[in-house]
Amino acid sequence: MPDITYLYLPEGEEFDADSLNTRFGTVVAGMNGLLDYSSQRGAFSDQHLTDQGIVADEQFPVLIRDIGNLPSQYNTVYTTWGGNGTFPATGDSDREVISAGGVGETLEIITSSPIQLGMSNPNGIAGLLVLLNVHYMHSELGVSEGDPNFMPQLGVMVCIQWTPDGTEWFTFRKTERFQWARTIAGEYSALEPSTAIVGSMSEADQFDYWVLQDIPLRTLILPEDLPDPDQAIEGIRAAVATWDPGAIAGTYKRTYLREANLTVLPLHAGV
Amino acid sequence: MGWRFPKHFIHDPQVIEMDDLNEDFRPFVEEASGALNEHNWKRDAFDGRAQLADDVAVVLHNEVVEANSNANPTVTANIMFVTSDIDWEDIEGLETTFTTTGGTYWVLASIQGHAPIYKTYVFGSLPANGRFGLQFALSLNAAVLAQSIVGSGDLMNDKIGSLDGAVPKGAAFYCWQTTGISSQAFSVVSEAIITVPPGTHTVKALVTPPQTHESNPAANNPGARTKFLATRELIVVELLR
Chain A
7 MPDITYLYLP EGEEFDADSL NTRFGTVVAG MNGLLDYSSQ RGAFSDQHLT
57 DQGIVADEQF PVLIRDIGNL PSQYNTVYTT WGGNGTFPAT GDSDREVISA
107 GGVGETLEII TSSPIQLGMS NPNGIAGLLV LLNVHYMHSE LGVSEGDPNF
157 MPQLGVMVCI QWTPDGTEWF TFRKTERFQW ARTIAGEYSA LEPSTAIVGS
207 MSEADQFDYW VLQDIPLRTL ILPEDLPDPD QAIEGIRAAV ATWDPGAIAG
257 TYKRTYLREA NLTVLPLHAG V
Chain B
87 MGWRFPKHFI HDPQVIEMDD LNEDFRPFVE EASGALNEHN WKRDAFDGRA
137 QLADDVAVVL HNEVVEANSN ANPTVTANIM FVTSDIDWED IEGLETTFTT
187 TGGTYWVLAS IQGHAPIYKT YVFGSLPANG RFGLQFALSL NAAVLAQSIV
237 GSGDLMNDKI GSLDGAVPKG AAFYCWQTTG ISSQAFSVVS EAIITVPPGT
287 HTVKALVTPP QTHESNPAAN NPGARTKFLA TRELIVVELL R
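Protein chains in written order, with the working numbering: chain A, 7 to 277; chain B, 87 to 327.
Structure (structure tokens):
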């Protein structure tokens with residue numbers, strides 16, 4: 007319940023309408039300030055609790071990172087399910103952090119000190135509820151215009167990574183999500199788009215180029231998702247790689263993203 | 087004493103509510119029997135989060151199935167091929183049952199889907215039937231949560247169709263009005279915030295194609311292994327306070 011300050015009328019003191027209104031006004035304001043959870047049976051209210059919330063964010067400088075309306079280019083090509091790194095010495099090199107390069111525009115959250123997951127550990131963080139959305143613009147394949155493979159027959163992979171030391175990054179395999187380039191050539195791999203198919207376009211690269219697809223991911227990171235449940239981690243980030251399962255020939259394979267955001271909620275919770 | 091006055095006065099000719107009566111009697115009964123509630127605790131009774139029980143406000147559940155999307159699905163572990171019936175089908179592994187005193191729940195399903203638009207799939211040929219894509223939803227105690235549907239809850243109004251052109255046969259732009267998500271690979275999230283009564287409840291993630299067949303009904307083959315799911319996770323967050 008909120009604080010209600012009611013000054014009781016002392017014996018012998020004169021009172022009038024204003025003084026009564028003032029007294030009752032404190033009660034009215036207090037009662038109107040009641041929240042649903044304050045009046046539920048058995049509910050502890052905010053007045054009983056610590057300033058610390060249920061989101062155990064003391065070691066997190068921010069809980070949200072986002073990229074604005076800026077295209078960002080990525081040249082790393084995916085090779086291995088779950089990443090090609092070898093814990094703990096070498097992190098994954100077949101994916102790279104999502105970043106537009108500006109201040110605060112890297113989807114990476116470095117903790118102020120190492121944390122351990124699990125309620126039995128001092129940080130009291132049961133797990134990390136992670137929300138990621140990535141806006142996939144398109145992919146490019148390095149071949150000449152007119153080549154049957156000119157249009158990308160590629161995809162993109164996004165995932166969540168963690169670091170034990172701020173340097174080497176490893177992938178939570180369960181967080182890998184794939185999106186294919188939703189273009190005519192991409193979905194129909196033997197087809198070279200032509201004006202006969204898609205309309206009156208004067209140049210091949212005027213059509214069948216943009217994907218513009220949202221890639222959403224939700225995951226709950228628990229201690230058992232780490233190599234050791236007591237493993238200390240120093241950061242969480244979102245990574246991306248161009249997906250080329252068909253090994254299409256080209257001098258380069260790259261992906262462009264636009265808006266993206268990463269949210270990490272470290273929760274004091276039962277599991 | 088917690089409450090000096092009954093919370094609910096009974097007046098003629100009001101209908102007497104069982105819950106109201108219980109709430110009127112409960113504080114006196116509990117305090118007379120020594121039970122404590124929020125009114126017996128002082129301000130700032132807890133000075134740190136560590137003093138709170140783990141499940142004081144949030145309880146987490148999750149179910150995970152890992153399957154490699156970067157491989158031939160016909161020989162890859164934990165791949166789930168989706169039946170081509172337009173009935174909601176349980177997604178394998180994405181089911182959790184919990185017992186609660188009632189409250190608000192945040193349910194999230196994050197799923198890797200594959201619905202190749204034409205038969206030429208990147209990891210080999212699959213029967214042509216994926217172009218209409220897939221729809222997703224959550225269910226509570228076998229009832230589909232309408233607010234969680236990714237796709238459409240009503241497939242009766244608009245015809246979903248496709249044409250089999252000679253060249254290119256069945257490419258993406260020959261399909262119209264499908265409510266499903268179709269691509270060789272896509273990621274989808276279905277979420278809902280729900281209020282559940284006390285008891286034991288089961289939450290599942292569901293999938294269905296919006297259409298069973300191509301333009302030629304004779305080609306319908308509900309058992310065709312055309313659309314499939316790879317890595318997937320179901321998360322249930324109990325919001326107790």
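Each residue gets a CB set at the ideal place from its N, CA and C atoms; glycine is no exception.
Query raised in the report: Expressed to the nearest angstrom, what Euclidean distance is found between the alpha-carbon atoms of A/Pro235 and B/Glu103?
Result: Counted from its first residue, the first sequence places residue 235 of chain A at position 229. Counted from its first residue, the second sequence places residue 103 of chain B at position 17. If I take the Cα positions, the gap works out to 50 Å.
**Report entry** Outcome for B/Arg318 when other beta-carbon atoms lying within 10 angstroms are tallied against a minimum of 16
**Finding:** Residue numbering aside, residue 318 of chain B sits at position 232 when the second sequence is read from its first letter. Burial call: buried.
Query raised in the report: Comparing the C-beta of A/Leu55 with each C-beta of chain B, is any distance below 8 Å?
Result: For the purposes of this step, residue 55 of chain A is taken as residue 49 along the first sequence, with counting starting at 1. Yes, A/Leu55 counts as interfacial toward chain B.
**Report entry** Residue closest to A/Gly130, alpha-carbon to alpha-carbon, out of B/Val168, B/Ile172, B/Glu277, B/Val144
**Finding:** Locating residue 130 of chain A in the first sequence gives position 124, where the first residue counts as 1. Ranking the options by Cα distance to A/Gly130, first place goes to B/Val144.
Query - Environment of B/Ile321 [buried if 16+ CB atoms lie within 10 Å] - result: By 1-based counting over the second sequence, the position of residue 321 of chain B is 235. Counting Cβ neighbours within 10 Å, B/Ile321 comes out buried, since at least 16 surround it.
**Report entry** Members of the segment 91-113 of chain A that neighbour chain B once the beta carbon cut-off is set at 7 Å
**Finding:** none
Report task. Closer than 9 Å, Cβ to Cβ, to anything on chain B: give me those residues from the segment 181-194 of chain A, in chain order. Result -> Thr181, Glu182, Arg183, Phe184, Gln185, Trp186, Ala187, Arg188, Thr189, Ile190, Gly192, Glu193, Tyr194
Query - Segments of 3+ residues assigned as beta strand (DSSP E) that fall wholly inside the segment 126-179 of chain A - result: 133-147, 161-169
**Report entry** A/Val68 at chain B interface by Cβ criterion, 8 Å
**Finding:** By 1-based counting over the first sequence, the position of residue 68 of chain A is 62. No - not a single Cβ of chain B is within 8 Å of the one on A/Val68.
Report task. Just mark A/Met157 as buried or exposed, buried being the case when its beta carbon has 16 or more other beta carbons within 10 Å. Result -> Stepping through the first sequence from its first residue, residue 157 of chain A is reached at position 151. When all chains shown are included, A/Met157 counts as buried.
Requested in this report: Count the other C-beta atoms from every protein chain shown that fall within 10 angstroms of the C-beta of A/Gly31, then say buried if there are 16 or more, exposed otherwise.
Outcome: Numbered from 1 along the first sequence, position 25 holds the residue referred to as residue 31 of chain A. The residue is exposed, with fewer than 16 neighbouring Cβ atoms inside 10 Å.
**Report entry** Amino acids of chain A, ordered along the chain, whose beta-carbon sits closer than 8 Å to that of B/Gln233
**Finding:** Here residue 233 of chain B refers to the residue found at position 147 when the second sequence is read from its first residue. Residues of chain A passing the Cβ test: none, with the nearest at roughly 16 Å.
**Report entry** Neighbourhood of A/Leu69 by C-beta, 7 Å cutoff - its chain only, sequence neighbours within 5 removed
**Finding:** Numbered from 1 along the first sequence, position 63 holds the residue referred to as residue 69 of chain A. Around A/Leu69: Asp63, Thr269, Val270, Leu271.
Query raised in the report: Roughly how many angstroms lie between the CA atoms of A/Ala35 and A/Ser25, to the nearest whole one?
Result: Against the first sequence, residue 35 of chain A aligns to sequence position 29. Against the first sequence, residue 25 of chain A aligns to sequence position 19. Cα to Cα, A/Ala35 sits roughly 15 Å from A/Ser25.
Query raised in the report: On the three-state DSSP scale, how would you describe A/Asp72?
Result: Within the first sequence, numbered from 1, the residue matching residue 72 of chain A stands at position 66. A/Asp72 falls in the strand class under three-state DSSP.
Query raised in the report: Looking at the unbroken beta strand (DSSP E) that takes in A/Arg243, where does it start and where does it end?
Result: Position 237 of the first sequence, counting from 1, holds the residue named residue 243 of chain A. Its beta strand (DSSP E) spans residues 238-249.
Query raised in the report: Whose C-beta lies closer than 6 Å to the C-beta of B/Ser234 among residues of the same chain, with five residues either side of it excluded?
Result: The residue you call residue 234 of chain B lines up with position 148 of the second sequence. Closer than 6 Å at Cβ, skipping near neighbours: Ala223, Leu224, Ser276, Ala278.
Query - Interface flag, A/Pro158 vs chain B, CB-CB below 8 Å - result: Along the first sequence, one-based indexing puts residue 158 of chain A at 152. Answer no: the Cβ-Cβ gap between A/Pro158 and chain B never drops below 8 Å.
Requested in this report: Give the DSSP-derived three-state secondary structure of A/Pro120 in the structure shown.
Outcome: As a position in the first sequence, residue 120 of chain A is number 114, starting the count at 1. Reduced to three states, the DSSP call for A/Pro120 is strand.
Query raised in the report: Is there at least one Cβ from chain B nearer than 8 Å to A/Gly161's Cβ?
Result: Mapped onto the first sequence, residue 161 of chain A falls at position 155. Closer than 8 Å to some Cβ of chain B, the Cβ of A/Gly161 qualifies, so yes.
Query raised in the report: Comparing the CB of A/Gly252 with every heavy atom of the ligand ZN, is any distance shorter than 7 Å?
Result: Only the bare structure without any ligand can be found here, which leaves the ligand ZN out of the picture.
Requested in this report: Tell me whether the beta-carbon of B/Thr187 lies closer than 8 Å to the beta-carbon of B/Thr286.
Outcome: To locate residue 187 of chain B, count along the second sequence from 1; it is residue 101. To locate residue 286 of chain B, count along the second sequence from 1; it is residue 200. No. Outside cutoff.
**Report entry** A/Ala23 (DSSP reduced to helix, strand or coil)
**Finding:** Along the first sequence, read from residue 1 onward, the residue named residue 23 of chain A stands at position 17. Helix at A/Ala23.
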